[in-house]
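Under the UniProt record's numbering, the sequence shown has 67 at position 67, and the numbering climbs by one with no breaks.
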Amino acid sequence: MKVTDLPPPPSLQEYRTIVGDEKIAALEELTDRLSGVAFQEINSTRSGGGVAEILNSYIPFLTALGLKTTWSVMEAEPAFFEVTKTLHNFLQGKDGFSPSMIETYWETLRKNDGLIDEESDVVTVHDPQPLGLIEFLARDELMRKRLIWRCHVQLETLSVDSVSEIGRLIRKLVEQYHASIFSSFQYLPLWHVPSFIVPPFIDPLSEKNRDLSETEITATLEKYGVDPDRPLITQVSRYDIFKDPVGVIQAFKHVRERESCRKKGCQLLLVGGRACDDPECFLVLRNVRQAAEEHPDIHILDLPPDSPREINALQRASQIIVQKSIKEGFGLTVSEGLWKGKPVVAGDVGGIPLQVKDGWNGYLVSTVQETADRIIYLLKNPDLAETMGSRGREFVRENFLLTRGVLDHLTVADQLVN
Ligand code: UDP
């Protein structure tokens, strides 16, 4: 299915004011080298989660540059998403994938045969869900096009390289691609496919990240019953075990047990929603509610996918952003928090250490206790929290904005076609 309800192409001038002339000039130069090349992006959901977030800005930006780009989303039934969620968990190191699931996978893929456009020249296939589409391409098409597998998952090389049937299948499929892209070198598998490291990025002008008025921020807090006069600690994430929302609640409870912080009466906000390809989220959400035990200062939101401005406002209203993941391909929410000038306390896993430099713009943590300790320290030292936040914003400006991401992706494409 082609995505047709994209935001309009943005004005490059606005980006120029944020990242400077030089970066836009580099993009324009690369665009000239790629003029006439047709790009296609393929993934499994239109909204919810980081991939959809990225593509929603990436495609209009390429269009603004003058490149021909389309976005196609797979059509699939819930049974397929059960399988691919289990596969996703397996790739991140959790058991549960059974060989019988492979048949369900191929059934859906066969129904999506034809999703790769005849006219496209460079096709980027995101994550394991559509990975197998390459099997349906005729040989001459495979020779003419350039196909890239873009992995957003924190790949646990060991489990994938193991002797399991699914591990062998994934590897065999990826090795048919002309190139692969990973978010961090930390989990680069040693496979026979040219690999590039391209960390993801956020769009500073999207509804999720653009500046908002204080009035809108206050109104959003009021809407969700959050007290604007007490410190707010926030994690924004799909309800997924790898994001460890229950661990965040435990850490918050430790924070509240400490006398000095109890006086300040800080609040915890868990902002989540449902990605339509994530059948497990209901279960995780139930566990989260149980763990919160109706604590009056723990706010648990289950937002619809089209809530970027509200998420933006809630991140801006927070004193500290938490992302206590235990596996994380990259973690866009980390850059989103840093861009809003907030210190981020986040799991020392996957792509997070690329964004959080421990003790400089936030803290890297591995346990509930550490998370609580760092939150308490930041609450007690608001000046330090502010300094870390400003460093974080500049770090994101330099490294994790859309303009850098597009430049990197076009550089990979340029290496493949020119
Ligand atoms: N997000 C959202 N609504 C939610 C939860 C998350 O819009 O209820 C957004 C979040 O702001 C971020 C993206 O989804 O832009 C999540 O990307 P990330 O890389 O952090 O994690 P993923 O979900 O891809 O594992």
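Don't be surprised by glycine CBs; every beta carbon is placed ideally from N, CA and C.
The structure presented is a predicted model; accordingly, all values stated were derived computationally and were not measured.
Applying the 10 Å Cβ sphere with the 16-neighbour rule, what's the burial state of residue i?
i, result
"Met143", "exposed"
"Val192", "Before going on, a small fix: residue 192 reads as His here, not Val. Looking at its Cβ environment, which holds fewer than 16 other Cβ atoms inside 10 Å, His192 is exposed."
"Leu283", "exposed"
"Gln13", "exposed"
"Asn312", "buried"
"Glu53", "buried"
"Phe185", "exposed"
"Ile24", "buried"
"Gln415", "exposed"
"Ser213", "exposed"
"Gly132", "buried"
"Pro189", "buried"
"Met74", "buried"
"Asp203", "buried"
"Arg238", "buried"
"Asn89", "buried"
"Thr108", "buried"
"Glu328", "buried"
"Gly150", "Rather than Gly, the amino acid found at residue 150 in this sequence is Arg. Buried, by the Cβ-count rule."
"Lys172", "exposed"
"Pro128", "buried"
"Glu310", "buried"
"Asp383", "exposed"
"Asp304", "Going by the sequence as given, residue 304 is Pro instead of Asp. Classification of Pro304: exposed, given that the 10 Å Cβ count is below 16."
"Asp244", "buried"
Check the C-beta distance from residue i over to residue j and give it rounded, since I have them as a contact under 8 Å.
i, j, result
"Ile233", "Leu205", "Going by Cβ atoms, the distance from Ile233 to Leu205 rounds to 27 Å, so no, they are not a contact pair."
"Gly48", "Gly273", "6 Å"
"Glu41", "Leu55", "6 Å"
"Leu338", "Gln355", "7 Å"
"Leu285", "Asp302", "6 Å"
"Ile375", "Ile320", "6 Å"
"Lys145", "Ser120", "6 Å"
"Leu364", "Ala346", "6 Å"
"Phe330", "Pro200", "5 Å"
"Asn43", "Pro99", "Their Cβ separation, rounded to whole angstroms, is 25 Å, which puts Asn43 and Pro99 out of contact at 8 Å."
"Val344", "Ile326", "Actually they do not touch by this definition, with Cβ atoms about 16 Å apart."
"Leu410", "Leu6", "19 Å between Cβ atoms; not a contact."
"Thr45", "Ile59", "Not quite, the Cβ-Cβ distance comes to about 15 Å (not below 8 Å), so this is no contact."
"Val122", "Val417", "6 Å"
"Asp227", "Cys281", "With a Cβ gap of about 27 Å, Asp227 and Cys281 do not count as contacting."
"Ile134", "Tyr177", "7 Å"
Is the beta carbon of residue i less than 8 Å from the beta carbon of residue j?
i, j, result
"Ser57", "Leu402", "yes"
"Lys324", "Gln235", "yes"
"Ala292", "Ile249", "yes"
"Gly247", "His299", "no"
"Ile148", "Ile116", "no"
"Leu91", "Val174", "no"
"Asn209", "Glu370", "no"
"Glu82", "Pro279", "yes"
"Gly392", "Lys342", "yes"
"Thr84", "Phe97", "no"
"Val368", "Ile352", "no"
"Asn405", "Met388", "According to the sequence shown, residue 405 is Gly rather than Asn. For Gly405 and Met388, no; Cβs fall outside 8 Å."
"Ala372", "Ala251", "yes"
"residue 423", "Val37", "The first residue shown for the chain is 1 and the last is 418, placing residue 423 beyond what the model contains."
"Val288", "Leu270", "yes"
"Phe80", "Asp113", "no"
"residue 460", "Trp106", "In the structure as shown, the chain starts at 1 and stops at 418, and residue 460 therefore has no counterpart that could be examined."
"Ile102", "Ile166", "yes"
"Val19", "Arg397", "yes"
"Leu221", "Tyr187", "no"
Would you mind listing the alpha helix (DSSP H) stretches within the segment 273 to 322 that are 4+ residues and don't spill past its ends, in chain order? 281 to 292, 308 to 317
Whole beta strand (DSSP E) elements within the segment 351 to 413, 3-residue minimum: 362 to 365
My parser needs the beta strand (DSSP E) runs of 3 or more residues fully inside the segment 85 to 170; what are they? 122 to 126, 146 to 151
May I ask you to verify whether the segment 4 to 21 touches the segment 63 to 79, counting CB pairs closer than 8 Å and requiring at least 3? yes
Give, in chain order, every unbroken run of the beta strand (DSSP E) that is at least 3 residues long and sits entirely within the segment 177 to 220. 179 to 182, 195 to 197
If we require 3 or more residues per run, which beta strand (DSSP E) segments fall completely within the segment 13 to 77? 38 to 43, 68 to 73
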